Amino acid sequence: MKKEEVFVFVFVLVLGAAVVLFGAVSAGGGKWELLQRSIGVSAMHMQLLSNDRVVVFDRTDFGRSNLSLPAGKCRDDANDTAVKHDCSAHSAEYDVGSNTFRPLMVLTDTWCSSGTVAPDGTLVQTGGFNDGDRTARRFAPCSGNDRTCDWVETPGALAVRRWYASNQILPDGGAIVVGGRRQFNYEFFPRKSKTGAAVFPLPFLQQTSDRSENNLYPFLHLSVDGNLFVFANNRAILLNYATNTVVKTFPVLPGGPRSYPSTGSSVLLPLVNDREAEVLVCGGAPPGSYEKAATKAGFEEALATCGRIRITDPNPTWLVETMPVSRTMGDMVLLPDGSVLIVNGATNGTAGWENANPPATNPVLYWPGKPVESRFEVQSPSSIPRLYHSTAVLLRDGRVLVGGSNPHVGYEFYGKEFPTELSLEAFSPTYLASPRRIFRPAMVSPGTTGQKLGYGGRFRVRFRIPGGQSGNGVVVTLIAPGFATHSFAMNQRMVVVGRGIAAEVAPLTYEMEVAPPGSPVVAPPGFYLLFVVHGGVPSEGIWVQIR
73 MKKEEVFVFV FVLVLGAAVV LFGAVSAGGG KWELLQRSIG VSAMHMQLLS
123 NDRVVVFDRT DFGRSNLSLP AGKCRDDAND TAVKHDCSAH SAEYDVGSNT
173 FRPLMVLTDT WCSSGTVAPD GTLVQTGGFN DGDRTARRFA PCSGNDRTCD
223 WVETPGALAV RRWYASNQIL PDGGAIVVGG RRQFNYEFFP RKSKTGAAVF
273 PLPFLQQTSD RSENNLYPFL HLSVDGNLFV FANNRAILLN YATNTVVKTF
323 PVLPGGPRSY PSTGSSVLLP LVNDREAEVL VCGGAPPGSY EKAATKAGFE
373 EALATCGRIR ITDPNPTWLV ETMPVSRTMG DMVLLPDGSV LIVNGATNGT
423 AGWENANPPA TNPVLYWPGK PVESRFEVQS PSSIPRLYHS TAVLLRDGRV
473 LVGGSNPHVG YEFYGKEFPT ELSLEAFSPT YLASPRRIFR PAMVSPGTTG
523 QKLGYGGRFR VRFRIPGGQS GNGVVVTLIA PGFATHSFAM NQRMVVVGRG
573 IAAEVAPLTY EMEVAPPGSP VVAPPGFYLL FVVHGGVPSE GIWVQIR
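Residue 73 is where the sequence shown starts when you use this note's numbering, and the numbers rise one by one after that.
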């Protein structure tokens, strides 16, 4: 067995053994907690930033929200199709630590837009609708107790209109912006050259467009070979974006369309070395589902299958697995223990106005390292339906923040079966429950937010384990939180940087030497959450900056 194969096998064995041994396999696991009954804004888009605050925003042309802008501030927009003089906010900053929120001023329409986080921690947000379709917006995190940071917008910054596009951060820290409605091309932001081409054709996006399009919000993942995995409808390619050439075409994923509006979801599974990468695509809808729902002819049952493929194989094939719950519009969140949470959405229908019912209220966990027949676990249901325009993001403490849901053309706060949802809740996976918390490590060092790491080399992680437990079965992970919208967390990424037995350096205190990612192709520059996982239970994360 080769060295890298041993590494993968040991990692999977450690994770799998920890899961079975410490009881994460029971159905109905996890706990829900209502954090805010209303933040006044529906969370169509969410991004966790490195100051532990979450930027939340909706579209600007739904009408007036339930969150007022500060006194004296209003938004005047002659192009707005709903309210031209609007003193309500369509964006908010949620402070996780204090469980408080405040309004933000976003001017141009962010409906169905996309985003990345730049290496310095600034949210870079692109496109949208109407006067926002070529706009770039930046939100630099407030420092300390500052509560004045806000959106800075640059209209016309994009080369073409970007509505329902997807973004991926690249090794140089910039972003590639791919597709959008009737845009069969991509561009870079910021633009790489002032004299070269601004837009690059991508015929694949036109080839995957059908009567319902089903090629919007394409799933993008940066592979460990530096190429870009692009999935639309039921097909995928590997794109060399620097030369604008397709270097690999993958087999068709059976079952039906998976991208918007059929709207499955996708993640790049945890990277355990710099040579192999696997992609997971779950849910979606059978062909014709969108037309049937949109014409009120009924809701087809959503797809219950996931496709998993090792995109770095010379001749990759899809492994098709069956979820316990059919799902469209589900959000997929990488958890620090190596599992994937699938949450939100519906069991029948598709994305779109009033196009899905009933809601899928039970989350499902997917365990990549377990045997094929036992990878899925149904979790405890939420009491709040989360349909079209719902989102989910991982928090530093290991919980998952869940918000949004508005399946209506405008704001509908009352008198609907599924009204516009303004609440925020948190899902706590089983690893945060008693008695498993006795295995939870506490980070000692690095112990400051913004610890800077270079590529390659080694560094030491020190942590405490309560209850006299041993330092066996330790895994150290880095996670880049994703920009969540429309069932896809753009730029979400998890890299395993260490695993094995930690050395005891003091009573109940352990240390492990780990290896940062070797290059920005494996982990693009920026802020990551560093977790120590012991016995399947993660510590609270520590923010580190890779550059």
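Just so it is clear, CB atoms sit at the ideal spot from N, CA and C, and this is done for glycine as well.
In this text the structure is predicted, and so the values were computed from the model without any measurement.
Three-way DSSP call (helix, strand, coil) for D446 in this model: Residue mapping note: residue 446 aligns to position 374 of the sequence shown, counting from 1. Contrary to the premise, residue 446 reads as Ser rather than Asp in this sequence. Reduced to three states, the DSSP call for S446 is helix.
Alpha carbon of R571 to alpha carbon of G543, nearest angstrom: Residue 571 sits at position 499 when you count from the first residue of the sequence shown. Residue 543 sits at position 471 when you count from the first residue of the sequence shown. For R571 and G543, the distance between alpha carbons rounds to 11 Å.
For I618, three-class secondary structure by DSSP: In the sequence shown, counting from the first residue as 1, residue 618 sits at position 546. Residue state, collapsed to three classes: strand.
Distance, G417 Cα to M566 Cα: Within the sequence shown, the letter at position 494 stands for residue 566. Within the sequence shown, the letter at position 345 stands for residue 417. In a straight line, the C-alpha of M566 is about 24 Å away from that of G417.
Neighbourhood of T422 by C-beta, 7 Å cutoff - its chain only, sequence neighbours within 5 removed: If you number the sequence shown from 1, residue 422 lands on position 350. Closer than 7 Å at Cβ, skipping near neighbours: P333, S334, T335, A357, S361, Y362, A365, T400, A428.
Beta carbon proximity, P408 to chain B, threshold 8 Å: Absent here is chain B; the protein component of the structure consists of one chain.
Assigned exposure category for S215 - 16 Cβ within 10 Å defines buried: As a first step, residue 215 is located in the sequence shown; it is residue number 143 there, counting from the start. Exposed, by the Cβ-count rule.
Supposed close pair P408, T549 - CB separation, criterion 8 Å: Position 336 of the sequence shown, counting from 1, holds the residue named residue 408. Position 477 of the sequence shown, counting from 1, holds the residue named residue 549. Beta-carbon to beta-carbon, P408 and T549 are separated by about 5 Å, close enough to satisfy the 8 Å threshold.
Per-residue DSSP class, three states only, for Q564: What you label residue 564 is simply residue 492 of the sequence shown in a count that begins at 1. In this structure, Q564 counts as coil in the three-state DSSP scheme.
Rounded separation between Y411 and V472 - CA only: Translated into positions along the sequence shown, residue 411 becomes position 339. Translated into positions along the sequence shown, residue 472 becomes position 400. The sequence shown places Ser at residue 411, not Tyr. S411 and V472: Cα-Cα distance of roughly 13 Å.
Beta-ladder partner(s) of L459, from DSSP: In the sequence shown, counting from the first residue as 1, residue 459 sits at position 387. Answer is none; L459 lacks a bridge partner.
Backbone secondary structure at F134 - three-state DSSP: Numbered from its first residue, the sequence shown carries residue 134 at position 62. Residue state, collapsed to three classes: coil.
Within the segment 179–255, ranges of the beta strand (DSSP E) (whole runs, at least 3 residues): Taken in chain order, the unbroken stretches of beta strand (DSSP E) that lie wholly in the segment 179–255 and span 3 residues or more are 186–189, 195–198, 208–211, 224–226, 238–241, 247–250.
Short Cβ contact (8 Å threshold) for V546 with V605: Here the question's residue 546 lines up with position 474 in the sequence shown. Here the question's residue 605 lines up with position 533 in the sequence shown. Yes, they are a contact pair.
L242 to F261 span [Cα, whole Å]: Along the sequence shown, read from residue 1 onward, the residue named residue 242 stands at position 170. Along the sequence shown, read from residue 1 onward, the residue named residue 261 stands at position 189. Each residue's alpha carbon lies about 10 Å from the other.
Exposure of L601, with buried meaning 16 or more beta-carbon neighbours within 10 Å: If you number the sequence shown from 1, residue 601 lands on position 529. L601 is buried by the Cβ-count criterion.
A270 versus Q451: straight-line alpha-carbon distance, rounded: For the purposes of this step, residue 270 is identified with residue 198 of the sequence shown, where counting begins at 1. For the purposes of this step, residue 451 is identified with residue 379 of the sequence shown, where counting begins at 1. Roughly 46 Å between the two C-alpha positions.
Which listed residue (P175, D346, F485) has its alpha carbon closest to that of G135: Here the question's residue 135 lines up with position 63 in the sequence shown. The shortest Cα separation from G135 among P175, D346, F485 belongs to F485.
Assigned secondary structure, Q279 (DSSP; H/G/I helix, E/B strand, else coil): Along the sequence shown, one-based indexing puts residue 279 at 207. Residue state, collapsed to three classes: helix.
Y438 in three-state terms, based on DSSP: Here residue 438 refers to the residue found at position 366 when the sequence shown is read from its first residue. Three-state result, Y438: strand.
Beta-carbon proximity list for L93, same chain, < 8 Å, skipping 5 on both sides: Counting from 1 along the sequence shown, the entry for residue 93 is found at position 21. Note that L93 has pLDDT 27, beneath the 50 cutoff, so the model's placement of it is unreliable and no number is given.
Where I381 sits in the DSSP three-state scheme: Here the question's residue 381 lines up with position 309 in the sequence shown. In the structure shown, I381 adopts extended strand secondary structure according to DSSP, grouped into three states.
Closest by C-alpha distance to Q279, when choosing among P191, R307, L496, W183: Locating residue 279 in the sequence shown gives position 207, where the first residue counts as 1. Nearest option by C-alpha distance: R307.
Within 8 Å, strictly: CB atoms of G424 and Y460: Position 352 of the sequence shown holds residue 424. Position 388 of the sequence shown holds residue 460. A contact, by the Cβ cut-off of 8 Å.
A595 (DSSP reduced to helix, strand or coil): As a position in the sequence shown, residue 595 is number 523, starting the count at 1. Reduced to three states, the DSSP call for A595 is coil.
Classification of A96 by the beta-carbon crowding that lies within 10 angstroms, buried from 16 upward: For this step, residue 96 is matched to residue 24 along the sequence shown. Here A96 scores only 34 on pLDDT, less than 50, and its place in the model should not be relied on; the value that follows carries that caveat. Buried, because 16 or more other Cβ atoms sit within 10 Å of the Cβ of A96.
Within 8 Å, strictly: CB atoms of H162 and S137: Numbered from 1 along the sequence shown, position 90 holds the residue referred to as residue 162. Numbered from 1 along the sequence shown, position 65 holds the residue referred to as residue 137. Judged by beta-carbon spacing, S137 lies within the 8 Å limit of H162, meaning their Cβ atoms are closer than that value.
Euclidean distance between Cα positions of S98 and P342: Mapped onto the sequence shown, residue 98 falls at position 26. Mapped onto the sequence shown, residue 342 falls at position 270. With a pLDDT of only 39 at S98, under the threshold of 50, the placement of this residue in the model should not be trusted; the figure read from the coordinates follows. Their backbone Cα atoms lie some 23 Å apart in a straight line.
Cβ pair L352, V344 closer than 8 Å: Walking along the sequence shown from the start, residue 352 turns up at place 280. Walking along the sequence shown from the start, residue 344 turns up at place 272. Contact: no.
Rounded straight-line distance, which links the Cα of M118 to that of T267: For the purposes of this step, residue 267 is identified with residue 195 of the sequence shown, where counting begins at 1. For the purposes of this step, residue 118 is identified with residue 46 of the sequence shown, where counting begins at 1. Each residue's Cα considered, the two are about 34 Å apart.
With 16 other Cβ atoms within 10 Å as the buried cut-off, status of N316: Mapped onto the sequence shown, residue 316 falls at position 244. Flag for N316 reads exposed.
For E612, three-class secondary structure by DSSP: Here the question's residue 612 lines up with position 540 in the sequence shown. Coil, per DSSP.
Beta-carbon proximity list for I381, same chain, < 6 Å, skipping 5 on both sides: By 1-based counting over the sequence shown, the position of residue 381 is 309. Closer than 6 Å at the Cβ level, and outside the excluded window around I381, lie V351, P388, W390.
Same chain, Cβ closer than 8 Å to S477, five either side skipped, listed in chain order: What you label residue 477 is simply residue 405 of the sequence shown in a count that begins at 1. Same-chain partners within the cutoff: S114, N416, I456, P457, R458, L459, Y460, H461, S462, F490, T492, E493.
P431 (DSSP reduced to helix, strand or coil): To locate residue 431, count along the sequence shown from 1; it is residue 359. Here P431 sits in strand by DSSP.
Any non-hydrogen atom of the ligand ZN within 7 Å of G554 CB: Ligands are entirely absent from the displayed structure, and the ligand ZN is therefore not among its contents.
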